[in-house]
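Heads up: the structure comes next, in structure tokens.
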Amino acid sequence: MSKIIFLVFSIFSLSAHATSLKNENNLSWLLNNYDKVEETVSRDKSYELIPVTNTLVEIWYHRDGATTAEVSIPIIMALIHHPDIMLPMLADNPDSFDRWLSQFNGIVFMDFSGESFDELTSLKVQLAESMSSFSQRSDHQLKPFVNKLLKQLEVTEVRTVN
Numbered sequence: 000m001s002k003i004i005f006l007v008f009s010i011f012s013l014s015a016h017a018t019s020l021k022n023e024n025n026l027s028w029l030l031n032n033y034d035k036v037e038e039t040v041s042r043d044k045s046y047e048l049i050p051v052t053n054t055l056v057e058i059w060y061h062r063d064g065a066t067t068a069e070v071s072i073p074i075i076m077a078l079i080h081h082p083d084i085m086l087p088m089l090a091d092n093p094d095s096f097d098r099w100l101s102q103f104n105g106i107v108f109m110d111f112s113g114e115s116f117d118e119l120t121s122l123k124v125q126l127a128e129s130m131s132s133f134s135q136r137s138d139h140q141l142k143p144f145v146n147k148l149l150k151q152l153e154v155t156e157v158r159t160v161n
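Numbering that gives the first Met the number 0 puts the sequence shown at residues 0 to 161.
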């Protein structure tokens with residue numbers, strides 16, 4: 000019996016370690032290819048879009064505070080340009096989606112460098128416009144997510160760290 004318990008514990012430990020390494024690899028990939036990722040999610044659909052958005056969502060699922068800031072901008076850009084692809088991916092995990100929305104005021108729309116205020120303000124406006132347009136033509140299953148996002152954007156302020 001103790002051998003079975005040890006074996007089960009070992010498998011779970013290896014699985015957790017592999018997940019952690021996987022997320023570290025994904026995050027490293029994002030940071031090393033950030034400009035290319037932003038370009039991919041901002042242009043017309045291509046063969047690269049789905050693998051890139053899948054990887055962004057995988058990072059997003061396992062994010063912490065710092066990772067939230069790093070992964071949110073390309074996710075927002077994907078929501079602006081490809082809401083039909085990105086929103087269903089985020090909606091697959093409603094709790095994570097709600098936690099992400101709750102971080103809009105504190106992390107997501109925070110200008111940490113003092114140089115991104117205008118860009119973040121523009122992204123916020125574009126995201127609101129994209130979601131409003133998408134809600135007019137979207138699947139009814141996604142409307143609650145669109146409405147939550149729009150509601151959060153209304154109360155979110157872009158801020159700069161002093």
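We put the CB at the ideal spot given by N, CA and C, even for glycine. Predicted model only: the values in this text are computed from it and were never measured.
Nearest-angstrom Cα distance between residue i and residue j?
i: A127; j: K21; result: 32 Å
i: Y60; j: S132; result: 26 Å
i: P82; j: M130; result: 7 Å
i: A17; j: E38; result: The pLDDT assigned to A17 is 41, lower than 50, so where the model puts this residue is not dependable, and the model offers no usable value.
i: T54; j: K142; result: 24 Å
i: F103; j: D63; result: 14 Å
i: D43; j: D34; result: 16 Å
i: K147; j: Y46; result: 30 Å
Just to confirm, is the Cβ distance from residue i to residue j under 8 Å?
i: T67; j: V107; result: yes
i: E57; j: N25; result: yes
i: L100; j: V157; result: no
i: V36; j: P87; result: no
i: T52; j: A90; result: no
i: I79; j: Q151; result: no
Once DSSP output is grouped into helix, strand and coil, what is the label at residue i?
i: A68; result: helix
i: T155; result: coil
i: D43; result: coil
i: D91; result: coil
i: T54; result: helix
i: D110; result: strand
i: V160; result: coil
i: R190; result: This structure cannot speak to residue 190, because the chain is shown only from 0 to 161.
Assuming residue i and residue j form a contact by the criterion Cβ under 8 Å, report the distance between their Cβ atoms to the nearest whole angstrom.
i: D110; j: V160; result: 7 Å
i: I75; j: L122; result: 5 Å
How would you label residue i, buried or exposed, when you count the other beta carbons within 10 angstroms and need 16 or more for buried?
i: L30; result: exposed
i: I49; result: exposed
i: V145; result: buried
i: S19; result: exposed
i: S112; result: exposed
i: S71; result: buried
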